[in-house]
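Per the numbering used here, the sequence shown starts with residue 13, numbered consecutively. What follows is a set of notes on a single structure, which appears directly below.
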Amino acid sequence: EAGDHLVWVTDANGCTEQAGVAITDPLGMIGSIINIQHVSCQGGMDGKATVQVVGGTLPYEYDWDNDGMGDYDDGPTVAGLSAGFYLVRVKDANGCKFQTYVDISEPTALFAEIVDLSHETCNGANDGAATVNVTGGTTPYTYEWIDSGNTG
């Protein structure tokens with residue numbers, strides 16, 4: 013157990029000697045997920061997260077469950093994630109372990125729909141119009157109307 017300990021040794025002639033030792037207890041590992049990057053588009057795989065750990069005994073080994081290996085050959089940062097829950101296990105030099113989870117989210121699907129359409133009144137009048145309604149994705153939206161050059 014951690015703390016200061018003394019041992020007294022007595023030989024057959026009654027001679028005594030003492031020895032002392034201080035046994036330390038490393039701080040328990042604690043950590044948190046930092047620098048979370050959520051998936052930018054629905055169905056994407058550009059999520060990213062970093063675990064930060066203190067305590068325990070360096071060096072640390074990391075195992076993110078994104079590869080299903082359980083091999084402690086990852087680093088503190090994992091990238092290329094799709095949306096979902098991910099477990100990271102951290103093991104210190106003494107084999108002590110810590111684990112935590114991160115939830116990588118994604119936006120809803122981007123959807124665009126023409127909701128109001130006015131055709132040109134006469135050939136070449138250039139008075140046609142269209143309105144688009146956009147939902148999902150991540151705001152703010154930018155719009156670019158492209159004239160395909162088709163007439164008729």
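Backbone N, C-alpha and C fix where the C-beta goes; we use that ideal spot for every residue, glycine too. Everything numeric in this text was worked out from a predicted model, so none of it was measured.
Neighbourhood of residue i by C-beta, 8 Å cutoff - its chain only, sequence neighbours within 5 removed
{"i": "G87", "result": "Y74"}
{"i": "S130", "result": "D139, G140, A141, A142"}
{"i": "Y153", "result": "V146"}
Selection from the options that minimises the alpha carbon distance to residue i
{"i": "A61", "options": "H50, Q54, G55", "result": "H50"}
{"i": "V114", "options": "A95, D104, D16, N106", "result": "A95"}
{"i": "W157", "options": "G148, G149, G140, G107", "result": "G140"}
{"i": "G43", "options": "G149, L18, G148, Q64", "result": "Q64"}
{"i": "N106", "options": "V19, M41, H17, N25", "result": "M41"}
{"i": "Q54", "options": "L39, T89, K109, E118", "result": "E118"}
{"i": "T195", "options": "V19, G56, V144", "result": "With the chain covering 13 to 164 only, the question about residue 195 has no answer from this structure."}
{"i": "T151", "options": "L122, S160, L93", "result": "L122"}
{"i": "D77", "options": "T112, D159, S160", "result": "T112"}
{"i": "Y155", "options": "V144, G148, G149", "result": "V144"}
{"i": "F110", "options": "L39, L93, N25, S160", "result": "L39"}
Close Cβ partners of residue i (< 6 Å) along its chain, the five nearest in sequence each way excluded
{"i": "T22", "result": "T28"}
{"i": "I48", "result": "A61"}
{"i": "S52", "result": "D58"}
{"i": "E132", "result": "D139, G140"}
Residues near residue i by beta carbon distance below 7 Å, same chain, minus five either side
{"i": "A91", "result": "K60"}
{"i": "D16", "result": "G32, A34"}
{"i": "A14", "result": "I35, T36, D37"}
{"i": "S19", "result": "One detail in the question is off: residue 19 reads as Val in this sequence, not Ser. The answer, listed in chain order, is Q30, A31."}
Three-state secondary structure (DSSP) of residue i
{"i": "V51", "result": "coil"}
{"i": "A14", "result": "coil"}
{"i": "N78", "result": "coil"}
{"i": "G140", "result": "coil"}
{"i": "N25", "result": "coil"}
{"i": "P135", "result": "In the sequence as presented, Pro is not what sits at residue 135; that position holds Asn. It is coil, neither helix nor strand."}
{"i": "T62", "result": "strand"}
Contact test: residue i Cβ vs the ligand FMN heavy atom, cutoff 7 Å
{"i": "T120", "result": "No copy of the ligand FMN appears in this structure; indeed no ligand is present at all."}
| said: Is it the case that the segment 90-103 contacts the segment 126-140, given that we only count it when at least three CB pairs across the two stretches are under 8 Å? | reply: No, the segment 126-140 does not touch the segment 90-103.
| said: With three or more beta-carbon pairs closer than 8 Å as the criterion, would you say the segment 57-70 touches the segment 131-139? | reply: Too few Cβ pairs lie closer than 8 Å, so no.
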